[in-house]
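If you count the sequence shown from 1, position 244 lands on 244 in the UniProt record's numbering, and the numbers rise without skipping. Virtual Cβ for every residue (Gly too), placed ideally from N, Cα, C. Here is the structure we will look at.
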Amino acid sequence: MEPQIDWDNLTFSHTPTRSMYRATCDEGGEWQEGSIIPFGNIELSPVAGVLNYGQGVFEGTKAFRTAKDRAILFRPEMNAKRLQSSAKRLCIPPIPEEMFLEAVEQIVKDNGDYIPPLDKGSLYIRPVIWGTGPVLGVKPSRSYTFIVYVSPVGHYFQGEIPCLHIKVTNFYHRVAQKGTGDAKAIGNYASSLYPLKLAKELGYNEVMYLNANNENLVDELGAANVFALKGDTLLTPGLSGSILPGVTRDSTIQIAREILGLDVQE
């Protein structure tokens, strides 16, 4: 049965779909072959590492429907590599790239009818790895769970927005230098909730964070990297360890240099 979804009024929120992908890794550090299972709740121990110490990482990518009714992905191999880097930073056994790509392909195929029509939105793909083994002291979990779930979504910012209203804050930093800023770790996002709440109460859409060591320098937004165009020069903060290496960031730099002929300075 086709999903009953109002494609014209999609928001960036979760809509349950048919299935999700699940794989596990136990003490040996080897990921077992995963499988497609019905989407639903999972069971976790109250002592799970992800619940007590935030030992978890995630990714975010999308599938789009084309004018020829094909489903396409945007550079998923970049997400696979970044998830490996994030996992290493949090002492999580990395997912092999081939396994990651196969999991994403399987889950998109199984939920293909949830991909919005052309120009109506996209199918958001969320791969996550959690430390699911029980740990009481502060240490890595002994077992892990890899899940990929999907949801049809509309635009991240809703409505006709000619431009975003950005709140530059020097009261809060997203991360500290030499911390986990270049990893897509779940704790990085929990700490951004309060600054974003305050900004939205003042009518802003997003928060721009400054560098923790030098507040004369910009780091990034809560949900995006930062670029500034000045003449034929495109400026963006360099990857100094506190900034997430965005897939869109890398793509923008390539297009600017190789197609538009801009001078890109990091």
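Next item on the list: Name the two residues that bound the continuous beta strand (DSSP E) containing alanine 23.
Entry: Along the sequence shown, read from residue 1 onward, the residue named residue 23 stands at position 23. Boundaries of the beta strand (DSSP E) around alanine 23: 19 to 25.
Next item on the list: Identify the continuous alpha helix (DSSP H) that holds alanine 256 and give its terminal residues.
Entry: Position 256 of the sequence shown, counted from the start, is the residue given in the question as residue 256. Taken as a continuous stretch (DSSP letters only), the alpha helix (DSSP H) holding alanine 256 covers 247 to 258.
Item checked: Touch test, the region 35 to 45 against the region 73 to 93, Cβ-Cβ under 8 angstroms, three pairs minimum -> No contact exists between the region 35 to 45 and the region 73 to 93.
Checklist line | Whole beta strand (DSSP E) elements within the region 179 to 222, 3-residue minimum | finding: As far as the region 179 to 222 is concerned, its whole beta strand (DSSP E) runs of at least 3 residues are 206 to 210, 218 to 221.
Check: Exposed or buried, which one is arginine 65 when buried takes at least 16 other CB atoms within 10 Å?
Finding: As a first step, residue 65 must be located in the sequence shown, where it is residue number 65. With 16 or more other CB atoms across the displayed protein chains lying within 10 angstroms of its CB, arginine 65 is buried.
Notebook entry, point to check: Ordered along the chain, which non-local residues of its own chain (more than five positions away) have a Cβ less than 7 angstroms from that of proline 245?
Noted result: Start at 1 with the first residue of the sequence shown, and residue 245 comes out as number 245. Apart from the 5 residues on each side of it in sequence, proline 245 sits with its Cβ closer than 7 angstroms to the Cβ of Arg82, Asp182, Leu239 in its chain, given in chain order.
Notebook entry, point to check: So, is glutamate 98 buried or exposed, given that buried needs 16 or more other C-beta atoms within 10 angstroms?
Noted result: Along the sequence shown, read from residue 1 onward, the residue named residue 98 stands at position 98. Burial call: exposed.
Margin query: Suppose you measure from the CA of leucine 234 to the CA of glutamine 265; what does that come to, to the nearest Å?
Written below: By 1-based counting over the sequence shown, the position of residue 234 is 234. By 1-based counting over the sequence shown, the position of residue 265 is 265. CA-CA distance, leucine 234 to glutamine 265, rounds to 6 angstroms.
Checklist line | Span separating the alpha-carbon of threonine 248 from that of isoleucine 125 | finding: Working through the sequence shown from its first residue, we reach residue 248 at position 248. Working through the sequence shown from its first residue, we reach residue 125 at position 125. C-alpha separation (whole angstroms): 15 angstroms.
Next item on the list: Give the straight-line distance between the Cα atoms of glycine 131 and aspartate 232, rounded to the nearest whole angstrom.
Entry: One-based indexing of the sequence shown puts residue 131 at position 131. One-based indexing of the sequence shown puts residue 232 at position 232. If you take the alpha carbons of glycine 131 and aspartate 232, they lie about 46 angstroms apart.
Notebook entry, point to check: Are there 16 or more other CB atoms within 10 angstroms of the CB of asparagine 188, so buried, or fewer, so exposed?
Noted result: Position 188 of the sequence shown holds residue 188. Buried.
Check: Taking the C-alpha atoms as reference points, what is the distance between phenylalanine 74 and threonine 61?
Finding: Position 74 of the sequence shown holds residue 74. Position 61 of the sequence shown holds residue 61. Distance from the CA of phenylalanine 74 to the CA of threonine 61, rounded to the nearest whole angstrom, comes to 7 angstroms.
Check: Between which two residues does the beta strand (DSSP E) carrying glycine 131 extend?
Finding: One-based indexing of the sequence shown puts residue 131 at position 131. Note, glycine 131: beta strand (DSSP E), 122 to 131.
Check: Does the Cβ of cysteine 25 have 16 or more other Cβ atoms within 10 Å, making it buried, or fewer, making it exposed?
Finding: In the sequence shown, counting from the first residue as 1, residue 25 sits at position 25. Around the beta carbon of cysteine 25, a 10 Å sphere encloses 16 or more other beta carbons of the protein chains shown; the residue is thus reported as buried.
Next item on the list: List the whole-angstrom C-beta distance separating alanine 107 from valine 148, where the pair is believed to meet the contact cut-off of C-beta under 8 angstroms.
Entry: For the purposes of this step, residue 107 is taken as the residue at position 107 of the sequence shown. For the purposes of this step, residue 148 is taken as the residue at position 148 of the sequence shown. The sequence shown places isoleucine at residue 107, rather than the alanine named in the question. About 5 angstroms separates the two Cβ atoms, so the contact holds.
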